[in-house]
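Take a look at the structure set out below.
In this note's numbering, the protein residues as written are 4 to 521.
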């Protein structure tokens, strides 16, 4: 049996303080790694300091060790397996790294819980019988009906994979807990990298037959759930994954994680939490990799990442000192609000607003659909949506009442000192003609729109999610039902008519559904 990594002794009486310190340490370690290696080609060993951060995570007496292990062991095994298989990961291949775990764990769950497998079979049958629904949604995506779509969003936004699954689940007669498990595996869990509508569009391009395209889309949607690991390996092969032997990774990961998953299942961890937690390994190779190294070769970008991170760190610590976060997941609302406020402050500094960028990106999307009707990747706007949502949220925070929250997130004053006192950000003339450098800061911030994961920030947010789940392991942490106040809905308000994010027909109990808020 593979060795399970032992925990150190927990030094914290308060689980919220433990979560805060571990999450902030992870975020600062990510930024330090990027700063140190941004002028070098990415090597897998660069992730070792982050691996050590995960290794230093402890389990609090109020938490389930078996539940926390689902994430911690997954992260550590992920690092060790890839370290044994290669020295680096190609830039294009990094996209796959955080999508391999959920399919493997789902296959394990099918073996552990036969009733879950029966529920999946029923769900697949409903997919086969939902030609009307799948056809309409695929055609809407193909034609750009919803505008900018966040295809892999954790909420059931119009046009997302999750929303399609929610609509199919409406028709599926299975137990509530298995509906929760399917939703969790496709929202905060990342069951395969496939993007809904992609197969439809490629088939229409190839044969110009809509009926055939719908059938192909149904086939892929069913395959995702019927044989998740096999499907994921197939997709990786189709897109030319070459960084390491993917079959060997799947074999080693399954061998190492099988006892971890079984322990969690036997300990009563909710079936929805089991496939959701292991997938969150994205910092290694994905966020920590060539893309962020290349973005941050620009000193203005590096200083933005530094300053925005410190705004989040200082504000979160201030919020904890004020006694605001009562549970681990509440930390997410503070740090995401603070860093969103910092991003909005940069735009405000240069006279820009969030809506200016929403308007530009929606116009760009409409033209993109016309110029690339068949060959545009359906996932293309994923991070555009994230970036727009964060600057829009941040703008609400920094504005004075009644339009805003007066510089507070969850009642905590945002500490913008690291931003306002950053030497480089105060001297944009280093990057343009003196007195004319009106876009140097905003242009650098805009550079993150294709991958804003560290600005979001993902590492402490996931840490809060994991720690909250470990406090209530027998209750599903996902799916969460809430309105995201999407930035694009300001430009296209009728889009909300088609949104299922706040209408899953499966409201999670209030003891679990903790909305970060602003």
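We treat Cβ as the ideally placed atom computed from N, Cα and C, and that holds for glycine.
Member of the options whose CA lies at the smallest distance from the CA of residue i
i: residue 486; options: 40, 193 and 157; result: 157
i: residue 391; options: 59, 355, 378 and 409; result: 355
i: residue 295; options: 341, 269 and 455; result: 455
i: residue 38; options: 506, 303, 381 and 395; result: 303
i: residue 178; options: 275, 189, 268 and 65; result: 275
i: residue 527; options: 28, 422, 213 and 71; result: With the chain running from 4 to 521 in the structure shown, residue 527 is simply not present.
i: residue 448; options: 476, 439, 422 and 417; result: 422
i: residue 398; options: 341, 442 and 441; result: 341
i: residue 140; options: 407, 452, 213 and 78; result: 213
i: residue 308; options: 328, 346 and 379; result: 346
i: residue 137; options: 87, 215 and 66; result: 215
i: residue 388; options: 373, 408 and 360; result: 360
i: residue 348; options: 52, 461 and 444; result: 444
i: residue 143; options: 119, 204 and 405; result: 204
i: residue 482; options: 316, 438, 403 and 159; result: 159
Within 8 angstroms, strictly: CB atoms of residue i and residue j
i: residue 427; j: residue 297; result: no
i: residue 26; j: residue 463; result: yes
i: residue 337; j: residue 457; result: no
i: residue 289; j: residue 31; result: no
i: residue 130; j: residue 171; result: yes
i: residue 401; j: residue 351; result: yes
i: residue 96; j: residue 245; result: yes
i: residue 8; j: residue 291; result: no
i: residue 318; j: residue 394; result: no
i: residue 109; j: residue 278; result: yes
i: residue 67; j: residue 270; result: yes
i: residue 18; j: residue 507; result: no
i: residue 62; j: residue 112; result: no
i: residue 255; j: residue 84; result: yes
i: residue 175; j: residue 125; result: yes
i: residue 29; j: residue 505; result: no
i: residue 321; j: residue 418; result: yes
i: residue 300; j: residue 117; result: no
Burial state of residue i (16 or more Cβ within 10 Å)
i: residue 219; result: buried
i: residue 55; result: exposed
i: residue 514; result: Because residue 514 sits at a pLDDT of 34, beneath the cut-off of 50, its placement in the model cannot be relied upon, and the point is left open.
i: residue 267; result: buried
i: residue 21; result: buried
i: residue 517; result: For residue 517, the predicted structure reports a pLDDT of 33, less than 50, and the residue's modelled location is therefore unreliable. The matter cannot be settled from this model.
i: residue 436; result: exposed
i: residue 432; result: exposed
i: residue 364; result: buried
i: residue 329; result: exposed
i: residue 181; result: buried
i: residue 241; result: exposed
i: residue 326; result: exposed
i: residue 375; result: exposed
i: residue 233; result: exposed
i: residue 145; result: buried
i: residue 370; result: exposed
Residues of its chain near residue i, where Cβ-Cβ distance is below 8 angstroms and the 5 sequence neighbours each way are ignored
i: residue 498; result: 149, 150, 161, 489, 491 and 492
i: residue 250; result: 236
i: residue 429; result: 423
Residues of its chain near residue i, where Cβ-Cβ distance is below 7 angstroms and the 5 sequence neighbours each way are ignored
i: residue 90; result: 46 and 47
i: residue 127; result: 225, 228 and 229
i: residue 385; result: 153, 154 and 155
i: residue 362; result: 494
i: residue 57; result: 75, 78 and 79
i: residue 173; result: 508
i: residue 134; result: 217 and 221
i: residue 238; result: 195, 196 and 197
Nearest-angstrom beta carbon gap, residue j and residue i [assumed within contact, 8 angstroms]
i: residue 331; j: residue 425; result: No, residue 331 and residue 425 are not in contact; Cβ-Cβ is about 30 angstroms, not under 8 angstroms.
i: residue 199; j: residue 164; result: 4 angstroms
i: residue 502; j: residue 286; result: At roughly 30 angstroms, the Cβ-Cβ gap does not stay under 8 angstroms, so residue 502 and residue 286 are not in contact.
i: residue 377; j: residue 208; result: 4 angstroms
i: residue 11; j: residue 59; result: 7 angstroms
i: residue 23; j: residue 323; result: 6 angstroms
i: residue 311; j: residue 81; result: Not quite, the Cβ-Cβ distance comes to about 27 angstroms (not below 8 angstroms), so this is no contact.
i: residue 231; j: residue 195; result: 6 angstroms
i: residue 263; j: residue 73; result: 6 angstroms
Same chain only: Cβ atoms within 6 angstroms of residue i, ignoring 5 sequence neighbours per side
i: residue 519; result: The predicted position of residue 519 is uncertain, since its pLDDT is 37 and thus under 50; no value can be drawn from it.
i: residue 202; result: 219, 220 and 223
i: residue 94; result: 293
i: residue 396; result: 343
i: residue 382; result: 154 and 198
i: residue 451; result: 458
i: residue 316; result: 27
Closer than 7 angstroms: residue i CB and nearest the ligand COA heavy atom
i: residue 7; result: Of the ligands one can find in the structure shown there are none, so the ligand COA has no counterpart to examine.
8 angstroms Cβ cutoff, residue i in contact with chain D
i: residue 18; result: Of the chains in the structure shown, none is chain D; there is only one protein chain.
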